Structures are given as structure tokens and as C-alpha cells.
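A quick write-up on the structure given underneath.
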Amino acid sequence: MIQSMTGYGKSVIQLPTKKISIEVKSLNSKNLDLNTRMPSLYREKELEIRKQIASKLVRGKIDFSLYMEITGEETSTQINKTVVQQYIKQLKEVVDGDETEMLKMAIRLPDAVTTERDEIDEDEWSQIAKEIDSSLEKIYQYRLDEGQVLEADFIERVNTISNLLEQVIKMDPERIEGVRERLQKGIADIKEKVDENRFEQELVFYIEKFDITEEKVRLSNHLDYFLKTLKSSDSNGKKLGFISQEMGREINTIGSKSNYAPMQKLVVQMKDELEKIKEQLLNVL
């Protein structure tokens, strides 16, 4: 079953003194392009988070965000009272003013406020890691749901190409006969006597150049293989992309060999369907 590379997952966990919000967004990309945003407190866990995301999502342009909101009395920022008092004392020596205004000035001076570096509580982190798993599971399911929509679209378009190919196959004898008639008319118009045996040999050689039997068989096989790959257990957008390229080669060759306007119209329709498939494949994992 195929997966889309587009997805979104969000989880929120309330801890005793803080609320943690986790968001994961994903768009299509040729490789894994991972961008993370989180408070400095959790930066030491970044490699662990990256491995966790890579193992679950594999590929895509992924934005991971971890937000922290303090909801309790806990804070790592402290006023350095001794330093602030010294600042106020020195300010009084310079100017006689309101103490509240002096406090406002002092609190903005260097070292008036200190920030202690918190250590990660491993029990707390264990809960956060589970919540990251939960958000990744949500985006994974989102990708699966999007993949089902893409799969239905692919099947419809491949069946359309297959139906157009059937029309090409039915039309082919008529096309060959038309080529034969044009050649015979051309010979008749120049009013020259020709060796009938030699003419037939040249006619067969000429018609063989326009033969599309191999292309019809290969295109039919590629269409079947595309549908089979869609149903495989793993999502393989790159493989489907390679198959679509081969389908394109056969369709282009049929178009260049056809030399017959009604068949070329069918080829244009096949190309249109294939281009839509290729566009959608850019978003398949």
C-alpha cells in the first residue's frame, strides 16, 4: 500500500509544571529533509528524536516542533538580589530619585538576572518520548489515508491508458492498410511500371518500420507491473516513477511510429494521463 509524503500530526501532554505540544508536518522531498525546533533544554535529545522520526517517516521534507509552556511555579530564572541591591546603592550615589524607577533600571543591568541550566528529568522525558511516538503515529496514519486517495487515482488513470491502448490495438490493422494504400497510390500517380515482387519486398520493409507490436506488448506489461507494485506491502514511489518513465518511452515510440492521425490523438490522450500520474508520484513515499 502506498503512502503520501504529505501529513500532519499533533500531540499535547500536560506535565506537573509544564505543557508540552508536539507538531510534525511533512511534504514531498527526494530524501529525508528534517528540520527541528525545540527549547534548548531538550537539545541534547535531538539526535534521538531525529532517529525516531527517520525510522517512522523514512522520507520527505519534515518540520518537527516541540513547544514548552510553563504552567506551574517552577522557573529557572532568578533575580540576583545582591547585585540588584548594589546597583540601586550606586545609582543613589549618582542621583536622588524614586526607588521604583531605580529598580527598573537596575534589573536591566548585567548579571541582575541569572538563568540556571535545567537538567532533563528522565521520567518526564520518557512521557514526552511516548507523546512524540503518538504524533508520529498520527502523521503516519494521515499519510496512509492520503495514499489510498492517490492509489485510487492511479488505478483510474492506468485503466484509462489501458483502454486507450486497446483502441490503438484495434485501430492498428486499419492504419497499416492505410499506409499500404498510400504507397500504392503514390506509385500509381508517377505512372511508372515497377517490379511487383520488388515492390512487395520494399512495402513489407517499409511497413515493418512502422510496426508497433513490441511497443504495445511492453506498454501493456508496464501497466500491469505498475498496478502490481501499487499493491505491494511497501510504498515505493521511486520504483513507480521508474515504471512510469518506461511507460512514457513506449507511448512516445507508438506516437512517432503511428503516422496515422486518429492513432496520434489516442497517443496524446495517453500522454496526458501519464503526465498526471507522474505529477502525483512526486508525492508518493
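Start counting the sequence shown at 1; every next residue gets the next number (UniProt numbering). Glycine included, every Cβ here is placed at the ideal spot set by N, Cα and C. Model, not experiment: these values are computed from the prediction.
key: Inter-residue spacing [alpha-carbon to alpha-carbon] between K231 and R218   = Indexing the sequence shown from 1 puts residue 231 at position 231. Indexing the sequence shown from 1 puts residue 218 at position 218. Computed Cα separation, rounded: 20 Å.
inquiry  = Using the three-state DSSP reduction, which class does Y67 fall into: helix, strand or coil?
reply    = Sequence index remark: in the sequence shown, residue 67 carries index 67 (1-based). Y67: strand per DSSP, three-state reduction.
request  = Using three-state DSSP, classify G9 as helix, strand or coil.
outcome  = In the sequence shown, the residue the question calls residue 9 occupies position 9. G9: strand per DSSP, three-state reduction.
key: Enclosing alpha helix (DSSP H) for T100 [first to last residue]   = As a first step, residue 100 must be located in the sequence shown, where it is residue number 100. E99 to A106 is the extent of the alpha helix (DSSP H) around T100.
task = Let me know if M1 comes out buried or exposed under the rule of 16 or more other beta-carbons within 10 Å of its beta-carbon.
result = As a position in the sequence shown, residue 1 is number 1, starting the count at 1. The residue in question, M1, is exposed, as its Cβ has fewer than 16 Cβ neighbours within 10 Å.
inquiry  = I believe S135 touches K10 by the beta-carbon criterion, under 8 Å. Please report the beta-carbon distance rounded to the nearest angstrom.
reply    = Position 135 of the sequence shown, counted from the first residue, corresponds to residue 135. Position 10 of the sequence shown, counted from the first residue, corresponds to residue 10. So it is a contact: roughly 6 Å between Cβ atoms.
request  = Go through its chain and collect everything with a Cβ distance to Y260's Cβ below 7 Å, but skip five positions before and after it.
outcome  = Taking the sequence shown and counting its residues from 1, the one referred to as residue 260 is at position 260. The answer, listed in chain order, is R175 and G178.
task = Name the one or two DSSP bridge partners that L34 has.
result = Start at 1 with the first residue of the sequence shown, and residue 34 comes out as number 34. DSSP lists I62 as partners of L34.
query = Between which two residues does the alpha helix (DSSP H) carrying I277 extend?
reply = Translated into the one-based positions of the sequence shown, residue 277 becomes position 277. Where I277 is concerned, the enclosing alpha helix (DSSP H) stretches over A261 to L281.
task = Decide yes or no for the touch test of the region 220-229 against the region 242-254: beta carbon pairs closer than 8 Å, at least 3 of them.
result = yes
query = Between I79 and A112, which are expected to be in contact by the criterion C-beta below 8 Å, what is the C-beta distance as a whole number of angstroms?
reply = Here residue 79 is taken as the residue at index 79 of the sequence shown, counted from 1. Here residue 112 is taken as the residue at index 112 of the sequence shown, counted from 1. Going by Cβ atoms, the distance from I79 to A112 rounds to 7 Å, so yes, they are a contact pair.
key: Backbone CA spacing between L274 and I139 [nearest angstrom]   = On the sequence shown, position 274 is the one that residue 274 refers to. On the sequence shown, position 139 is the one that residue 139 refers to. Approximately 29 Å between the Cα atoms of the pair.
request  = Please classify Q14: does DSSP put it in a helix, a strand, or coil?
outcome  = Position 14 of the sequence shown, counted from the start, is the residue given in the question as residue 14. Three-state DSSP puts Q14 in a strand.
ask   = What does DSSP give as the partner residues of K19 in its beta bridges?
value = Counting from 1 along the sequence shown, the entry for residue 19 is found at position 19. The partner list for K19 (beta bridge, DSSP) reads Q14 and E69.
request  = Taking only runs that begin and end inside the region 101-187, name each unbroken alpha helix (DSSP H) of 4 or more residues, in chain order.
outcome  = none
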